[in-house]
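Protein chains in written order, with my numbering: chain A, -3 to 319; chain B, -12 to 202. Structure first, commentary second.
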Amino acid sequence: MSDKIKSTEITDKQVYLNRRLFMRAAVLAGTATATTLLYRRLNPQPLKLAEGEKLDDVVKVTREEASKTGYLVDEPQTPLASITNYNNFYEFDTSKSGVAHAAKGFVTRPWAVSVEGLVNKPRVFDLDELLQIRQEERVYRLRCVEGWSMVIPWIGFPLHKLLEKVEPTSQAKYVAFQTLLDPNRMPNQKFGILSWPYVEGLRLDEAMHPLTIMATGMYGETLPPQDGAPIRLVVPWKYGFKSIKSVVKISLVADEPPTTWNIEGPDEYGFYSNVNPNVAHPRWSQADERRIGEYNRRKTLMFNGYGEQVAKLYEGMDLARNF
Amino acid sequence: MSALPNTRRMTSLNFTKLVIFTNALIPLALLLWDVWRKNVGANPLEFATRTTGMLTLVFLTLTIAITPFRKTFNINSLVKLRRMLGLFAFFYGVLHLLTYIWFDRLFNFISVGKDVAQRPFILVGMIAFFLMVPLAITSTNKMIKRLGGKRWALLHRLVYFAAAAGALHFWMLVKSDVRLPLTFAFVVGVLLAHRLLVKYFPPGSSQSTELFPKD
């Protein structure tokens, strides 16, 4: 081989190598970008909350009342960013960090709640009418059946105030609740993840208990979509899934009504579903919990710490059987 | 192609490995970055556990996908990527187990033991992990030589059980939306079924792969 040929050969290879280097850099950068985007898509970032409407004239609880009534838990409140980005609301998304994104823009006006069944005065209440009922602040623990918990400053009114307006008859023994059914607004209702609409139920005495509220807001503002806007049930001594969201119907009935998670897994989720550290979920222990924002695990309290107020509702009942 | 003197050139194989290596570490980098920025949501521990678990399953699936792909598309060089994928599965498996023992159980091994006994899905996950341990240990060339190819290959069939247990572990822990776990189970199932198919109906006996059938 002569020098001449060799030199051209080298130049050619240099060009070739440069081009290959460039291609390789492009492949590397391209796949890395694609992987990053895929990761971000699968793991949505926390969503900044849009400002809700301020709720005025909210009655605050005094500390003296609180110890007896259980209306105000004296524990650090969970930050709003956590409450609004860590949600179980399967109608929108089954990933807790995805609900805020999927529920964004959920329209809650107009909204009406029908209260019917075994009552003397069945009625459809417009949301504005329900907001006229004296709104109170209630700072409750919320214990999810999955083993995590929060402390949430709800705003709402006791359910018994609403039920008294429709006058339940003497045959009414239970209260059945129903979430909105609208697959166009709640996209996951197009899939058979659960039997839609979501339904829940309480015994009448549980529903009438002063701790049981219909929440319309939290942290001084109206509820964001991911937390059950515009109106939801909150029963602080039961696992979170009992506190049904975006309620459109409340019926008074004679027999124990079907409840969604009980239909889904009868041996895992009972009708009562009172928070109980002594009765394990078939797949995990309920003895302790992770309070969102804390490193150490907390001991789970019987009736979520509301035993003084509600234990008497279950006197003589075998709570391991009626889980 | 002849090797060029005085030129640092990377073989295609090594470049492919670099691409896989980089992409395999990106999720970990993003996870750590989000932890650093305190941007991992309300329950960082659950997030880290779920993410590392998912990555373990992804890499396990990719590992057992190599052989079916290699045979179906006749790309023998794919086998050279298998070790790296398998080791990434193990790597994320270690992180997954560590996040659980560290953050969920706070290094309380009695509580880990109780949890394993009480929660079948954790037991299944543990089994999946410990099936991967001997595979990681015997992944070096030296170990292949020491064991001998045949015995090594036999031992490494444990990966089938690790992948199946991993998919089962995922399916068992989900409350009701089983779409993703079922997808994993389906893919793992197909990849394992391919092996049975090859074993009991070898390609030689099928008309589709042979231009001129023997009989």
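Virtual Cβ for every residue (Gly too), placed ideally from N, Cα, C.
Neighbourhood of residue i by C-beta distance below 6 Å, restricted to the same chain and skipping five residues each side
{"i": "A11 (chain B)", "result": "F75"}
{"i": "I131 (chain B)", "result": "W139"}
{"i": "G152 (chain A)", "result": "I209, M210, A211, T212"}
{"i": "V120 (chain A)", "result": "A108, S110"}
{"i": "G113 (chain A)", "result": "S247, L248, V249"}
{"i": "G28 (chain B)", "result": "F34"}
{"i": "V54 (chain A)", "result": "Q131, E133, I151"}
{"i": "L76 (chain A)", "result": "Y215"}
Closer than 8 Å to chain B by CB, residue i
{"i": "E311 (chain A)", "result": "no"}
{"i": "A168 (chain A)", "result": "no"}
{"i": "W192 (chain A)", "result": "no"}
{"i": "R139 (chain A)", "result": "no"}
{"i": "I129 (chain A)", "result": "no"}
{"i": "W78 (chain A)", "result": "Correcting the residue identity first, residue 78 (chain A) is Ser in this sequence and not Trp. It does; some Cβ of chain B falls within 8 Å."}
{"i": "I240 (chain A)", "result": "no"}
{"i": "T255 (chain A)", "result": "no"}
{"i": "T175 (chain A)", "result": "no"}
{"i": "Y215 (chain A)", "result": "no"}
{"i": "N14 (chain A)", "result": "no"}
{"i": "N292 (chain A)", "result": "yes"}
{"i": "S93 (chain A)", "result": "yes"}
{"i": "V23 (chain A)", "result": "yes"}
{"i": "I246 (chain A)", "result": "no"}
{"i": "Y86 (chain A)", "result": "yes"}
{"i": "Y82 (chain A)", "result": "yes"}
{"i": "I227 (chain A)", "result": "no"}
{"i": "T296 (chain A)", "result": "no"}
Sequence-distant residues of the same chain with beta carbon closer than 7 Å to residue i, five excluded per side
{"i": "K50 (chain A)", "result": "G216, E217"}
{"i": "R139 (chain A)", "result": "S145, Y235, G236, V271, E285, T296, N300"}
{"i": "R57 (chain B)", "result": "N63, L65, V66"}
{"i": "D201 (chain A)", "result": "L309"}
{"i": "L190 (chain A)", "result": "Y86, T256, E260"}
{"i": "Q10 (chain A)", "result": "none"}
{"i": "N(-7) (chain B)", "result": "Low per-residue confidence applies at N(-7) (chain B): pLDDT is 43, beneath 50, and the placement is therefore not dependable, though the value from the model is reported in the following sentence. Result list for N(-7) (chain B): empty, nothing under 7 Å."}
Beta carbon proximity, residue i to chain A, threshold 8 Å
{"i": "G28 (chain B)", "result": "yes"}
{"i": "S163 (chain B)", "result": "yes"}
{"i": "V185 (chain B)", "result": "no"}
{"i": "F108 (chain B)", "result": "yes"}
{"i": "T127 (chain B)", "result": "no"}
{"i": "L93 (chain B)", "result": "yes"}
{"i": "F2 (chain B)", "result": "yes"}
{"i": "L5 (chain B)", "result": "yes"}
{"i": "T(-2) (chain B)", "result": "no"}
Rounded separation between residue i and residue j - CA only
{"i": "L17 (chain A)", "j": "T54 (chain B)", "result": "30 Å"}
{"i": "S91 (chain B)", "j": "A149 (chain B)", "result": "It should be noted that the sequence gives Asp, not Ser, for residue 91 (chain B). Those two C-alpha atoms are separated by around 23 Å."}
{"i": "V141 (chain A)", "j": "V230 (chain A)", "result": "14 Å"}
{"i": "M146 (chain A)", "j": "H156 (chain A)", "result": "25 Å"}
{"i": "G94 (chain A)", "j": "L13 (chain A)", "result": "45 Å"}
{"i": "D102 (chain B)", "j": "Q185 (chain A)", "result": "34 Å"}
{"i": "R15 (chain A)", "j": "D8 (chain A)", "result": "11 Å"}
{"i": "V23 (chain A)", "j": "R69 (chain B)", "result": "20 Å"}
{"i": "P40 (chain A)", "j": "T32 (chain A)", "result": "12 Å"}
{"i": "N95 (chain B)", "j": "F85 (chain A)", "result": "33 Å"}
{"i": "E290 (chain A)", "j": "Y187 (chain B)", "result": "55 Å"}
{"i": "L123 (chain A)", "j": "R228 (chain A)", "result": "12 Å"}
{"i": "T320 (chain A)", "j": "L134 (chain B)", "result": "Here chain A covers residues -3 to 319 and nothing more, so residue 320 (chain A) does not appear."}
{"i": "V249 (chain A)", "j": "K161 (chain A)", "result": "16 Å"}
{"i": "L309 (chain A)", "j": "P254 (chain A)", "result": "20 Å"}
{"i": "E311 (chain A)", "j": "N318 (chain A)", "result": "12 Å"}
{"i": "H181 (chain B)", "j": "I79 (chain A)", "result": "46 Å"}
{"i": "P118 (chain A)", "j": "Q167 (chain A)", "result": "15 Å"}
{"i": "L60 (chain B)", "j": "I51 (chain B)", "result": "Correcting the residue type first, residue 60 (chain B) is Phe in the shown sequence and not Leu. The straight-line gap from Cα to Cα measures roughly 15 Å."}
{"i": "G176 (chain B)", "j": "Y35 (chain A)", "result": "25 Å"}
(message) So if I threshold CB-CB distances at 7 Å, which residues from the region 25 to 37 of chain A count as touching chain B?
(response) T27, A28, T31, T32, Y35
Query raised in the report: Do three or more CB pairs link the region 2 to 18 of chain B to the region 65 to 73 of chain A at distances below 8 Å?
Result: no
| said: Counting only Cβ-Cβ distances shorter than 8 Å, please list the residues of the region 40 to 73 of chain A near chain B, keeping chain order. | reply: Q41, P42
Exercise for review: Would you list, in chain order, the members of the region 141 to 155 of chain A that have their beta-carbon closer than 7 Å to a beta-carbon of chain B?
Suggested key: W144
- Pair every Cβ in the region 22 to 41 of chain B with every Cβ in the region 75 to 87 of chain B, then say whether three or more of these pairs are closer than 8 Å. yes
Across the region 196 to 206 of chain A and the region 166 to 180 of chain A, are there enough close Cβ pairs to call them in contact, namely three or more that are closer than 8 Å?
yes
- Stretch pair the region 97 to 117 of chain A + the region 77 to 89 of chain A: three plus CB contacts closer than 8 Å: yes
Requested in this report: Count the C-beta pairs between the region 116 to 136 of chain B and the region 163 to 170 of chain B that are closer than 8 Å, then say yes if the count reaches three, no if not.
Outcome: no
Counting pairs of Cβ atoms below 8 Å between the region 285 to 301 of chain A and the region 256 to 274 of chain A, do you hit three or more? yes
key: Members of the region 259 to 283 of chain A that neighbour chain B once the beta carbon cut-off is set at 8 Å   = E260, G261, A276, R279, W280, S281
Open item on the list: Output needed in chain order: residues of the region 7 to 18 of chain B with a Cβ under 8 Å from some Cβ in chain A.
Closed with: T9, N10, I13, P14, L17
Quick one: which residues of the region 29 to 40 of chain B get their C-beta closer than 8 Å to a C-beta of chain A? List them in chain order. A29, N30, L32, E33, F34, T38
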